[in-house]
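Data block below; observations after.
Protein chains: 2
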Amino acid sequence: MGATKTHMFTISQNSLAAAAKVLAHPARIAILQYISRQDQCICNDLVDVTGLAQPTISQHLNAIKNVGLLKGNFEGKNLCYCLNQEKWEELQELFQSFFGKINQNCCYP
Amino acid sequence: MGATKTHMFTISQNSLAAAAKVLAHPARIAILQYISRQDQCICNDLVDVTGLAQPTISQHLNAIKNVGLLKGNFEGKNLCYCLNQEKWEELQELFQSFFGKINQNCCYP
DNA sequence: TGGTTTTATCGTAATATTGCAATATTATAT
DNA sequence: ATATAATATTGCAATATTACGATAAAACCA
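Chain order of the listed sequences is A and B. Quick note: to get this note's numbering, add 1164 to the position in the first sequence (first position is 1). Quick note: to get this note's numbering, add 1164 to the position in the second sequence (first position is 1).
See below:
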């Protein structure tokens, strides 16, 4: 009990849900927006930008990284990373394909 | 501690996150897809379709309903509802505007 | 080397989500 | 009215998420 029953759904349904999960927190939205504006990003800035503690930011960044949405060098003192264009486009296509199919079928009676 | 600090983010960031949360579970994806295919929907079918228990479905439906994405009559024995077109389009626009702005700014160095 | 800065990890508390059995409610049919 | 069918609500257990203090690790600089 309690855990999501992923095995009861299709891969595509689970993929979209996983992608949506990344966007399902305002901090991660803010982080993605910030990264896109910066060309690169330093985690410490994000603490100021979001008002969350550094370990919390690190955790959110990790969630974004784990789905492959970040690319760059993660070692060293100052990180330097940006959006992984390929993955980012994949994510958009997931949503767009979902929206498209729903729109196509929907009747709105 | 523990709860999302929504007050630290913009309304627009919170809105998108809330919308994404609805899509952040495969059962709700499956439910939305099913509803769009059916023109109407009876909750009992969803138990078969998803393999989840009836109270669980009811809960997921409620989550979708709570953001205004469903429209129809919710009283009576057999429900009859469908997607709320207006809200559904709003949700898509939220995502598209987010994607659009990110794409516009992003450098992908 | 020692100190500083930046990010990661660990541990833990608070809260949220998911799922379901039991039960209640609502509408319909007989 | 009573039985039946469909959905909602309640209560609770299991799990996941969010957040942060403390601390570690890595890179840099004097």
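Glycine included, every Cβ here is placed at the ideal spot set by N, Cα and C. Remember, predicted model here, so these are calculated numbers, not experimental data.
Legend entry - Beta-carbon proximity list for B/Leu1233, same chain, < 8 Å, skipping 5 on both sides: The residues are Val1186, Leu1196, Leu1247, Asn1248, Lys1251, Trp1252 and Leu1255.
Inset, instruction - Could you work out which residues of chain B lie near A/Leu1196, taking near to mean beta carbons separated by less than 8 Å? - result: Ile1266
Inset, instruction - Please list, in chain order, all residues of the same chain as B/Ala1217 whose beta carbon is under 8 Å from its beta carbon, the five residues on each side excluded. - result: Val1211
Inset, instruction - Check whether the Cβ of B/Pro1219 lies closer than 8 Å to any Cβ atom in chain A. - result: no
Legend entry - Residues in the region 1200 to 1215 of chain A having any Cβ partner in chain B nearer than 9 Å: Ser1200, Arg1201, Gln1202, Asp1203, Gln1204, Thr1214 and Gly1215
Legend entry - C-beta neighbour in chain A for B/Ile1193, strict 8 Å: Yes, its Cβ sits closer than 8 Å to a Cβ of chain A.
Legend entry - is_contact[A/Leu1180, chain B] using C-beta, thresh 8 Å: yes
Inset, instruction - Tell me the start and end of each unbroken beta strand (DSSP E) in the region 1230 to 1257 of chain A that is at least 3 residues and wholly inside, in chain order. - result: 1234 to 1237 and 1244 to 1247
Inset, instruction - Measure the C-alpha to C-alpha separation of B/Gly1166 and B/Ser1261 and round it to an integer number of angstroms. - result: 30 Å
Legend entry - C-beta neighbour in chain B for A/Met1172, strict 8 Å: yes
Legend entry - Segment limits, alpha helix (DSSP H) that includes B/Leu1210: In the DSSP assignment, B/Leu1210 falls within the alpha helix (DSSP H) that extends over Cys1207 to Thr1214.
Legend entry - 8 Å Cβ cutoff, A/Pro1273 in contact with chain B: With a pLDDT of only 46 at A/Pro1273, under the threshold of 50, the placement of this residue in the model should not be trusted; the figure read from the coordinates follows. It does: the Cβ of A/Pro1273 has a partner Cβ on chain B nearer than 8 Å.
Legend entry - Rounded straight-line distance, which links the Cα of A/Ala1194 to that of B/Met1172: 10 Å
Legend entry - Spatial distance of A/Asn1237 from B/Ile1206 (CA atoms): 51 Å
Inset, instruction - Tell me whether B/Lys1265 sits in a helix, a strand or coil according to DSSP, three-state version. - result: In the three-state reduction of the DSSP assignment, B/Lys1265 falls in the helix class, which pools H, G and I.
Inset, instruction - Quick one: list the residues of chain A neighbouring B/Phe1259, beta-carbon separation under 9 Å, in chain order. - result: Within chain A, the residues near B/Phe1259 are Leu1187, Gln1256, Phe1259, Gln1260 and Phe1263.
Inset, instruction - Using a Cβ-Cβ cut-off of 8 Å, state whether A/Ala1138 counts as contacting chain B. - result: This structure leaves residue 1138 of chain A out entirely; chain A is present only between 1165 and 1273.
Inset, instruction - Please state if the CB of A/Pro1190 and the CB of B/Ala1188 are separated by a distance shorter than 8 Å. - result: no
Inset, instruction - Determine whether the Cβ of B/Lys1169 lies closer than 8 Å to any Cβ atom of chain A. - result: yes
Legend entry - Sub-8 Å separation of B/Ala1184 and A/Ala1227 beta-carbons: For B/Ala1184 and A/Ala1227, no; Cβs fall outside 8 Å.
Legend entry - Below-8 Å beta-carbon distance, A/Gln1223 vs any chain B residue: no
Inset, instruction - Reducing DSSP to helix, strand and coil, say where B/Ala1183 ends up. - result: helix
Legend entry - Start-to-end residues for the alpha helix (DSSP H) that takes in A/Ala1191: Pro1190 to Gln1202
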